[in-house]
Each structure stands twice: as structure tokens, then as C-alpha cells.
Amino acid sequence: MLEPKYESIENFKFKSGEILPELNIEYATFGTKKLDDNGNIINGIVYLHGSSGDYSSVKRVKDVLGPGKVMDTDNYYVICPTSLGNPGSSSPSTSGMGHLFPKYTVEDMVDASYALLTQKLNIKHLKGIIGTSMGGFLALQWAIKYPDFMDFIIPLTTSSSSKGQNYALSTIMNNYIKNDPDYLDGKYEDKPQTGPQNAMMMLYLFGFSPAYYKNSSNEEVLESIHEMELEGANSDANNIVWQNEATMIYDVSEELHKIKARTLVIGINQDQYFPPDTDVIPLAESIQGSELFLYDSVLGHVGSSEIKIAEQVINDFLTKSGD
């Protein structure tokens, strides 16, 4: 089991110009460190989680990242930060600032993790970055802003922007929350329940493939909806709204030409969030020299947990990268 660690970054400046005197970052590490003569880690891989995840979400790719796996942790040192805005790291709820917490962007999320690596963990260069869903947003943003910082990136089930259905979904989720009488424009003391519950239940409609829902019994569907309702009840309303607003303005589609890292884009044919035709294939086509791999999963977007299907492709990609 991964044990979280914590570091603080002083005077973190957001894109908005606001400064947080102390930014707390939760993260976990595993694998084998390799150091250069100056004590810098030279074999780091960063895993970046999706919207509702944290450092422990790296378990989604455990079939390709670990001891004896295609990404062998005898050779790599893995860093899994909990992204800015998610509980564990600084967020509206964990900072105690609530509605006064600075509005942040995907770029701010990247800068927070970059500060962790460069200021606290003695990492000046990474072997690579793997990002799933929203973590893929971060991986792409990272490779654009810091193009010489990593050798490769593997964006998984993701896109270069949040448009159309995904933008609409985030808008509807935020409307559910903001229209909750207990939300009080984000100035609540007691956590709103109904808005976050309805918002999280909405997500259930898109996580899996249509075939998955069709093949599920009504009892199984109701149980899954109830699980999402419970997740909403345990979530902080401002955390959801702030993160949705950050992803809604995310768009790096005109900056993909800046990426220098070798890139393997992986998508799932049944993904309802990021269908290959509208998101994954255009993403790969827009990154010079990138490789693309698509696979089938009845789990749809959640099928990133079946990444073992891509094991040989990842192995070949890493071999070409010299890893």
C-alpha cells in the first residue's frame, strides 16, 4: 500500500496573479532511485490522475507499471502527486479558505507538481509522464510548457481541450451545485449535500460504454448510482466547482506543436468522454511524430484499468525511446 507524503511550496503564484503563502502537496513514491553525481534523480516517471483521483489512482496502470512490469520499477522511480485542487493537496476544502481559495487552471496544476519535483525532490529531468483522463490534460500541458523536461509522455483516454459534451457536463454539474440552496455562493459552513450528490450521479452516465449499461441489471445500475451519490455526499462542493471551471477553460489544441517529448497517445474505442474520432485521433495527428494505439473495452472510459492490453505497444514505444 502506498503511503502519502507531504511537502509545502512557499508563495505559490497562480496564473491569476494570486499568491498562496503555503501550497501543500500530497504525493507518493515507489520504485528505485537512480542519482547523478549531484544527487538528482534521473529515472523519474510521474503519474497524473483523473478528476476524482489522488496519488493512489496509479493503481489504474498497475499492470504496466511495477516490479517486473513493462515499466519496471527496478529501473524507474515513480512519483504520484495529488493534483492542486484535489483533497490531500491544497484545495478550497483542505486549505480552510473555501470560496476564497484562488481559482486555478490546468497550468497551475502542472506548475504545482513541477515545483514539487524541482524544489523538493531533486528532479531536474524526467524519463516520462503518464496521465489518465484529466491527468492527460496535465501531461500535455506539462510537455507544452516544459518541453525539455521529459523524454516521453503517454496521455491516456484524454484530449487537447474540454469542449462539447464534456463542457456541457461540467456546466450541468456546476449548475446542480450552485442551485443547491445550501451552496450559498460557495460561502457555506455546512457542506451542501444535494447539489454534489446530483452532480456526481450525472457522471455515472458517461463512465462506461453503452453495452456495459445494457448488460447491467437494473439492480446493478441502481447500486452504482447510489455509490456515486455517496461519493457526492463525501465531496466538497467548491472543490468540484473549482476543478470543473479549471478543466472547462483548458484548451491546448493550438499549442501541441510545442511538444518535443516522444508521445504515445492511447484511447479506448468505447470511451464516451473522449471518443477516438473526435478527441484521441485528432490529438495524435496534431503531435508531430506521435504514436497512436486504440483498444476495445466494454468498461469505456473506466477501461483505462485494462491498459495491459497496450503492454506490447508500450514496450515497443519505450524501446524506441531508449528506455
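Taking this note's numbering, the leading residue of the sequence shown gets 6, the next gets one more, and so forth.
Heads up, the beta-carbon is just placed ideally off N, CA and C, and yes, glycines get one too.
| Asked | Found |
| --- | --- |
| Test item: CB-CB of K128 and I158 under 7 Å | In the sequence under discussion, the amino acid at residue 128 is Ile, which differs from the Lys named in the question. Cβ atoms of I128 and I158: not closer than 7 Å. |
| Which listed residue (S309, M6, E27) has its alpha carbon closest to that of H54 | S309 |
| Local conformation of M114 per DSSP, three classes | helix |
| For L7, the nearest candidate out of Y188, Y60, D41 (CA to CA) | Y60 |
| Straight-line Cα distance separating A266 from K325 | 12 Å |
| L161 at chain D interface by Cβ criterion, 7 Å | Of the chains in the structure shown, none is chain D; there is only one protein chain. |
| With 16 other Cβ atoms within 10 Å as the buried cut-off, status of V226 | exposed |
| Test item: CB-CB of S214 and G305 under 7 Å | yes |
| For E206, the residue or residues it bridges with in DSSP | A quick correction: the sequence has Met, not Glu, at residue 206. None; M206 has no bridge partner. |
| A144, enclosing alpha helix (DSSP H) - first and last residue | 139-150 |
| Neighbourhood of S98 by C-beta distance below 8 Å, restricted to the same chain and skipping five residues each side | P92, D241, N243, N244 |
| Buried/exposed call for N239, threshold 16 Cβ in 10 Å | exposed |
| G237 versus K196: straight-line alpha-carbon distance, rounded | 11 Å |
| Contact belief for V51 with I84 at Cβ below 8 Å, rounded distance in angstroms | 5 Å |
| C-alpha gap between V270 and E194, whole angstroms | 43 Å |
| Inter-residue spacing [alpha-carbon to alpha-carbon] between Q202 and E234 | 5 Å |
| Contact between the stretch 37-45 and the stretch 139-147 (3+ Cβ pairs under 8 Å) | no |
| Alpha-carbon to alpha-carbon, T176 and L199 | This sequence places Thr at residue 199; Leu is not what is there. Distance between the alpha carbons of T199 and T176 is about 16 Å. |
| Classification of D116 by the beta-carbon crowding that lies within 10 angstroms, buried from 16 upward | buried |
| Of the listed residues Y81, F17, D328, nearest to T34 (C-alpha basis) | Y81 |
| Beta-carbon spacing of L121, P86 below 7 Å | yes |
| Range covered by the beta strand (DSSP E) that runs through T268 | 267-273 |
| Through-space distance from I30 to N16, alpha-carbon basis | 13 Å |
| Whole-angstrom distance between T163 and S96, CA atom to CA atom | 23 Å |
| Exposure label - N220; buried when at least 16 CB within 10 Å | exposed |
| V257, DSSP secondary structure in three states | coil |
| Boundaries (first-last residue) of the alpha helix (DSSP H) holding D321 | 316-326 |
| D77 - partner residues in DSSP beta bridges | G71 |
| DSSP state of Y52 mapped onto helix, strand, coil | strand |
| Rounded C-alpha distance that separates V307 from S138 | 10 Å |
| Alpha-carbon to alpha-carbon, Y278 and Q170 | 8 Å |
| Residue burial classification, D79 (beta-carbon count within 10 angstroms, cutoff 16) | exposed |
| Pairwise C-alpha distance: Q317 and L323 | 10 Å |
| Continuous alpha helix (DSSP H) stretch holding T176: start and end | 169-183 |
| Spatial distance of P107 from F19 (CA atoms) | 8 Å |
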